[in-house]
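Asks: If you count the sequence shown from 1, you need to add 4 to reach our numbering.
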Amino acid sequence: MSVLSGLEPKKVFHYFEEITKIPHGSGNMQQISDYLVQFAQERQLFCIQDEWKNVIIIKEATPGYEEEPALILQGHMDMVAVKKPDCDIDMETEGLKVAVQGDLIYAQGTSLGGDDGIAVAYALAILDSDTIRHPRLEVVLTVEEEVGMDGARKVDLSMLKGNRLLNLDSEEEGIFLASCAGGARVDCRVPVKETMMSGVFCEVLVGGLQGGHSGGEIHKERGNSNCLFGRLLKELGEKLPVGLVCVNGGLADNAIPRETKALLVIRPEDVSEFERIVSETEAQIAGELAGKDKGIYIHRRKTGEGTVAAMTIEDTKKLAGYLFLVPNGVQAMSADIPGLVETSLNLGVLKYDAQAVSDAAHAPNTLMARFSVRSSVESAKYVLIGKLKVLTELCGGNIEVSGDYPGWKYRTDSPLRDKMVALYEHMYGQKPKVEAIHAGLECGILGSKIHDLDCISFGPDMKDIHTTEETLSISSTARVWDYLVRLLEEKDER
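1. Which residues in the same chain as P272 place their Cβ atom closer than 8 Å to its Cβ, once the five residues preceding and following it in sequence are excluded?
2. Leaving aside the five residues before and after Q112 along the sequence, list all residues of the same chain whose C-beta is less than 7 Å from its C-beta, in chain order.
3. What separation, rounded to the nearest whole angstrom, lies between the Cα atoms of L236 and V282?
4. Answer with buried or exposed for G234, where buried requires no fewer than 16 other C-beta atoms within 10 angstroms of its C-beta.
5. The alpha helix (DSSP H) spanning I389 covers which residue range?
6. Within 10 angstroms of the Cβ of K355, are there 16 or more other Cβ atoms? Answer buried if so, exposed if not.
7. Can you name the start and end residues of the beta strand (DSSP E) that K509 belongs to?
8. For the alpha helix (DSSP H) containing P419, name the first residue and the last one.
9. Beta-carbon within less than 6 Å of E225's beta-carbon, same chain only, minus the 5 sequence neighbours each way: which residues are those?
10. Please name the residue in D119, I317, M200 and E177 whose C-alpha comes closest to that of G241.
11. Is the region 213–220 close to the region 440–451, with three or more CB pairs under 8 Å?
12. V196 and D357: beta carbons closer than 7 Å?
13. Considering only DSSP beta bridges, list what D92 is partnered with.
14. Can you find the residues in the same chain that come closer than 8 Å, C-beta to C-beta, to A365, ignoring five residues on each side of it along the sequence?
15. DSSP three-state label for A365, please.
16. Tell me which residues share the same chain as V353 and place their Cβ nearer than 8 Å to its Cβ, disregarding the 5 neighbours each side in the sequence.
17. Looking only at its chain, what residues have a beta carbon closer than 8 Å to the beta carbon of I289, apart from the 5 residues adjacent to it on each side?
18. Where D191 and A185 are concerned, what is the direct C-alpha to C-alpha distance, given to the nearest angstrom?
19. Could you name the residues of the same chain whose beta carbon sits closer than 8 Å to that of E277, not counting the 5 residues immediately before and after it, in chain order?
20. Per DSSP, what are the beta-bridge partners of M200 in this structure?
21. Quick check: what's the CA-CA separation for R157 versus I478?
22. Using only the alpha-carbon positions, how far apart do G211 and R305 sit?
23. Using a Cβ-Cβ cut-off of 8 Å (strictly less than) and excluding sequence neighbours within five positions of S6, which residues of its own chain qualify?
24. Counting only the same chain and skipping the five closest in sequence on each side, list residues whose C-beta sits under 6 Å from that of E429.
25. What's the call for H455, buried or exposed, on a 16-neighbour Cβ count within 10 Å?
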């Protein structure tokens with residue numbers, strides 16, 4: 005049964021709900037990509053699906069618009085697929101359970117994927133219409149944007165005719181984005197020694213945090229559960245002999261981690277001191293984050309006693325020092341644009357397991373720390389990556405950089421921006437804000453593939469993207485749709 009069938013614009017919400025029924029987390033693109041191809045084929049639209057599952061769909065101009073320049077509509081089909089600990093949905097194989105509360109759409113127990121499912125829904129609704137007037141439309145829907153923009157990097161756009169692009173991947177209505185930071189994913193791997201240790205097994209859970217997008221929310225100084233676990237481990241290691249059995253924190257490099265779970269082994273005689281240190285550290289952190297992330301907790305419980313493979317006491321202490329020292333959060337603010345973060349990083353994923361066999365997720369005898377690094381200054385991005393490299397190498401490890409993408413430079417002369425601002429002011433009686441953002445967009449990469457690309461990014465109101473609290477505004481979605489349709493129908497002045 006449809007949950008969104010009564011909402012307007014009907015086709016937009018129909019396709020958005022259809023998309024939520026298809027598993028489409030990053031790395032799981034086959035089904036959603038094939039759905040888009042089938043959509044195009046059923047409507048006899050020209051379509052290309054490349055080997056990476058990017059999809060390009062072309063719809064020729066409607067009568068009277070044949071002489072208008074082609075327009076590119078662009079978004080990405082993957083979402084950050086995260087769920088609450090008690091949610092039993094398998095996001096690899098099952099769709100989402102969408103619901104409506106007032107003006108907001110959300111997903112029960114999971115992220116919603118409004119970023120960037122709403123772009124796909126807008127595009128499909130336009131392509132499916134026989135009443136909307138428009139120039140030649142070139143719809144480019146990419147894969148793996150959330151894990152390094154690999155789709156945008158690999159897609160071949162040489163067959164496109166347009167050099168004006170609407171990127172539908174923004175989350176604040178009334179704000180037109182004209183520049184963004186560049187970024188990269190950095191995997192740091194630190195080798196450790198392991199041994200068999202006997203004692204009491206203590207499970208630790210750092211949680212209760214808000215999380216958020218590491219581009220859009222990093223300036224709010226919310227708690228990072230991976231970094232906070234590192235701090236706790238340092239406090240414990242300074243006073244007790246502790247062995248780390250395993251740790252698992254965070255779900256994606258570009259999502260501020262909300263929860264980190266670990267198993268430690270300690271001596272039976274140290275249990276009371278362990279409790280005291282954890283309680284004291286929890287209280288200190290709660291006080292520091294009051295007003296920023298007030299839900300922080302550190303749960304702990306004994307799970308048994310015995311002998312288990314664990315990181316040595318010495319290397320547990322070394323690892324704690326590494327996690328305590330690695331930079332995280334805002335590193336520099338822009339000197340040119342008030343309030344804009346220039347450079348930041350986020351320790352999004354932390355993994356270690358002394359019980360692991362060699363596979364893609366768990367390398368034996370190795371801690372893996374995954375960062376998202378961002379900066380609007382290219383050299384500053386590489387300096388920050390260099391700091392991670394030096395610190396990791398001092399601990400005997402190495403780093404791997406992937407998903408390196410350029411920033412999107414502000415274009416001083418933008419006929420598209422001028423046209424969009426004028427139309428917005430005409431429709432709503434006020435000018436939109438034209439801004440730069442710290443989060444990454446695909447526009448910089450696409451600009452390297454299309455000569456003289458003129459592009460703007462915009463979209464409806466969304467909150468808490470990349471988290472299980474993600475919401476999409478119904479009324480804002482409708483207003484942005486009305487604006488988008490008017491924009492397509494607005495002919496260029498000659």
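Glycine included, every Cβ here is placed at the ideal spot set by N, Cα and C.
Replies: The structure says:
1. These residues qualify, in order along the chain: G203, V204 and E309.
2. Leaving aside the five residues that flank Q112 on each side, the residues in its chain whose CB is nearer than 7 Å to its CB run, in chain order, K101 and A103.
3. So the alpha carbons of these two residues sit roughly 7 Å apart.
4. By the Cβ neighbour-count rule, G234 is buried, with 16 or more other Cβ atoms within 10 Å of its own.
5. That run of the alpha helix (DSSP H) goes E382 to L398.
6. Its Cβ being crowded by 16 or more others within 10 Å, K355 is buried.
7. As shown, the chain starts at 5 and ends at 498. That puts residue 509 outside it, with no answer to give.
8. Counted as a single uninterrupted DSSP element, the alpha helix (DSSP H) harbouring P419 occupies residues P419 to Y432.
9. Excluding five sequence positions before and after E225, the CB atoms of its chain that fall closer than 6 Å to its own CB belong to K296, given in chain order.
10. Selected option, being the one with the closest Cα: I317.
11. Taking a contact to require three or more Cβ pairs closer than 8 Å, the region 213–220 and the region 440–451 qualify as touching.
12. Not a contact, by the Cβ cut-off of 7 Å.
13. In the DSSP assignment, D92 forms no beta bridge with any residue.
14. Annotation note: pLDDT 48 at A365 (below 50); position unreliable, no value reported.
15. Per-residue confidence for A365 stands at a pLDDT of 48, beneath the threshold of 50, marking its modelled position as unreliable; no derived number is given.
16. Excluding sequence neighbours, V353 sits near N230, G253, G254, L255, A256, D257, P261, M372, A373 and R374.
17. Correct list, in chain order: G227, L232, R235, I300 and I302.
18. Separation of D191 and A185 (C-alpha to C-alpha, rounded to the nearest whole angstrom) is 20 Å.
19. If we look at E277 and ignore the five residues flanking it on each side, its Cβ neighbours are K243 and L244.
20. Note: M200 sits in a beta bridge opposite A313.
21. Put simply, the backbone Cα of R157 is about 32 Å away from that of I478.
22. It is roughly 14 Å from the alpha-carbon of G211 to the alpha-carbon of R305.
23. Excluding sequence positions up to five before and after S6, its CB lies within less than 8 Å of the CB of H18 and E21, all in the same chain and listed in chain order.
24. Excluding five sequence positions before and after E429, the CB atoms of its chain that fall closer than 6 Å to its own CB belong to K435, given in chain order.
25. Counting the other Cβ atoms within 10 Å of the Cβ of H455 gives fewer than 16, which makes it exposed.
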